[in-house]
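With the first letter of the sequence shown counted as 1, position 79 gets the number 78 in numbering that gives the first Met the number 0; the numbers rise by one all the way through.
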Amino acid sequence: MTTLFDGDPKTNSSILSDKEITDYINRELLITKDSFATSSLEASSYDLRVGKKGIIGGDGIELNLEEKPMEIPPGSYAGIVSFENMAFPKNICARLGSKRTLSYEGIILLTGSIVDPGYKGHLLFGLYNASPKKVIIRYGRKICNIVFEKLGVEPEKDVQPEPNLLNGNLPDQFIDKMANMEVLPWMQISDRVKQIENITKDIIDLKARYEDVLKPIKDLTNNVVQLTSSVTAISVQTKSLAEDLEKANQLVNENSKQINQLTQNLTITSTQFNSTISNISSLSKDLKDQEDHLKDLTIGFKSQSVWNKILGGIVLIVIGALISWLVSKALK
């Protein structure tokens with residue numbers, strides 16, 4: 000047999016089994032005996048039931064469910080207390096979970112998920128009818144599953160009980176909040192659902208339009224990328240052409256220097272040529288003078304003796320050779 004918690008802080012935490020739950024019940028712990036039902040006990044949990052007190056959101060009127068079942072209109076909130084009166088020791092906490100039968104009817108259980116150790120009193124539950132029809136909640140109906148868990152070490156903080164819940168009544172503050180709770184009729188919920196659907200449709204349409212607008216932007220981006228690539232290629236070609244142009248300029252400069260040098264040489268040659276022409280003109284004049292002189296000599300030779308003729312011929316030969324030498328010298 001498993002021993003119960005004896006205050007030893009070294010005891011490990013664990014979920015209670017049905018036998019352990021029963022042992023605690025017999026000691027007036029967890030759930031008081033007068034509110035405990037064996038039919039609600041499961042292997043490792045317990046099914047909490049609907050208590051006497053309830054309220055519908057929007058009217059603030061406290062109902063007695065033992066006298067009349069509570070009808071929750073579509074889209075309305077409601078509040079109930081548990082049939083069971085809890086009496087947790089300081090080493091036990093609990094976890095709550097909704098019964099599936101509630102969700103089948105469209106009822107959403109609104110409650111915290113943890114019951115603190117040391118809690119005393121009935122539990123308070125909120126309900127919301129999300130179905131399109133009214134849901135009847137009867138006194139004693141199983142509504143919530145509770146799992147008890149033993150702590151390894153007792154907590155230092157104490158839980159302060161709520162006076163009304165100790166007696167199974169609804170807290171005054173909760174009644175005031177329920178009285179001011181907005182009731183959403185099913186048609187209004189339906190309208191809001193339609194609004195949400197319309198908004199969703201608009202979002203889908205906007206997404207489609209966004210994609211339609213985005214496509215040209217993507218195409219433009221691709222074109223810009225291609226244009227950038229082309230510009231880069233042109234820039235490379237331009238750089239290459241600039242380098243070729245620079246080389247051409249260098250060649251032009253070198254050729255200009257050569258042309259200038261040739262021009263200078265041509266100028267010098269022209270000057271020399273002019274000088275040569277001048278020399279030739281001077282020689283031509285000298286030759287003419289010599290020719291005139293030879294004519295005079297020839298006339299003289301005719302009147303001289305044969306010896307003089309021979310001597311004159313020799314002189315003419317020498318003079319002719321001298322003139323030839325002078326002409327060749329001038330041409331060089």
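We put the CB at the ideal spot given by N, CA and C, even for glycine.
Nearest to residue i (by Cα), restricted to the options the options
| i | options | result |
| --- | --- | --- |
| K119 | A247, E153, A86 | A86 |
| L150 | I30, C92, K294, L62 | C92 |
| L321 | D285, D58, I309, K156 | D285 |
| E148 | S281, I113, R26, Q194 | I113 |
| L386 | Q289, P154, S130 | The chain is shown from 0 up to 331; residue 386 falls before or after that span and cannot be answered. |
| A42 | S234, E19, G59, Q263 | E19 |
| E181 | Y127, A207, Y103 | Y127 |
| P73 | G57, T199, N278 | G57 |
| G117 | E161, I79, K98, I258 | E161 |
| L64 | L265, I258, S327, N168 | N168 |
| S338 | K52, I79, L15, R140 | The structure shown has nothing for residue 338, since the chain only spans 0 to 331. |
| L164 | I202, N248, I79 | I79 |
| N278 | S327, S239, D295 | S327 |
| R94 | K156, L15, I195, V317 | L15 |
Integer-rounded CB distance, given that residue j should sit under 8 angstroms from residue i
| i | j | result |
| --- | --- | --- |
| F124 | E83 | Not a contact, Cβ separation roughly 12 angstroms. |
| S81 | I55 | Not confirmed; about 18 angstroms, so no contact. |
| I174 | E70 | That pair is no contact at about 18 angstroms. |
| A129 | G105 | 5 angstroms |
| S98 | D46 | According to the sequence as given, residue 98 is Lys; it is not Ser. Between D46 and K98 the Cβ distance is about 7 angstroms, and since that is below 8 angstroms, they are a contact. |
Cβ neighbour criterion (16 or more within 10 Å) applied to residue i
| i | result |
| --- | --- |
| H121 | buried |
| A241 | exposed |
| F272 | exposed |
| A77 | buried |
| G50 | buried |
| R26 | exposed |
| L261 | exposed |
| G96 | exposed |
| Y138 | buried |
| R208 | exposed |
Cβ-based neighbour list, residue i, same chain, cut-off 8 angstroms, excluding 5 preceding and 5 following
| i | result |
| --- | --- |
| K9 | Annotation note: pLDDT 47 at K9 (below 50); position unreliable, coordinate value reported separately. Around K9: G151. |
| I24 | I30, K32, F35 |
| K52 | E61, L62, N63, L64, I79, V80, G167, N168, L169 |
Residues bridged to residue i (per DSSP)
| i | result |
| --- | --- |
| I203 | DSSP lists no partner for I203. |
| M85 | I30, G120 |
| G125 | G78, L109 |
| E70 | I135 |
| E148 | I14, C92 |
| D46 | N144 |
| S97 | C143 |
| E61 | I54 |
| N40 | Note on residue identity: the sequence assigns Leu, not Asn, to residue 40. Answer is Y45, bridged to L40. |
| V114 | A93 |
Cβ neighbours of residue i in the same chain (closer than 6 angstroms, five flanking residues each side left out)
| i | result |
| --- | --- |
| T2 | Caution applies to T2, whose pLDDT of 44 falls short of 50 and renders its modelled position unreliable; the value that the coordinates give is listed next. Excluding positions up to five away in sequence, the list is empty. |
| D7 | Reliability of the predicted coordinates at D7 is poor, the pLDDT of 46 falling under 50, and no value is obtained from them. |
Close beta carbons around residue i, own chain, < 7 angstroms, minus the five adjacent residues each side
| i | result |
| --- | --- |
| L28 | A86, P88 |
| D115 | C92, V158 |
| M44 | It should be pointed out that residue 44 corresponds to Ser in this sequence rather than to Met. Cβ within range, chain order: N144, I145, V146. |
| L101 | L108, I142 |
| K67 | none |
| P154 | K89, P116 |
Heavy atom of the ligand NAD within 7 angstroms of residue i beta-carbon
| i | result |
| --- | --- |
| R137 | As for the ligand NAD, it is missing from this structure, which has no ligand bound. |
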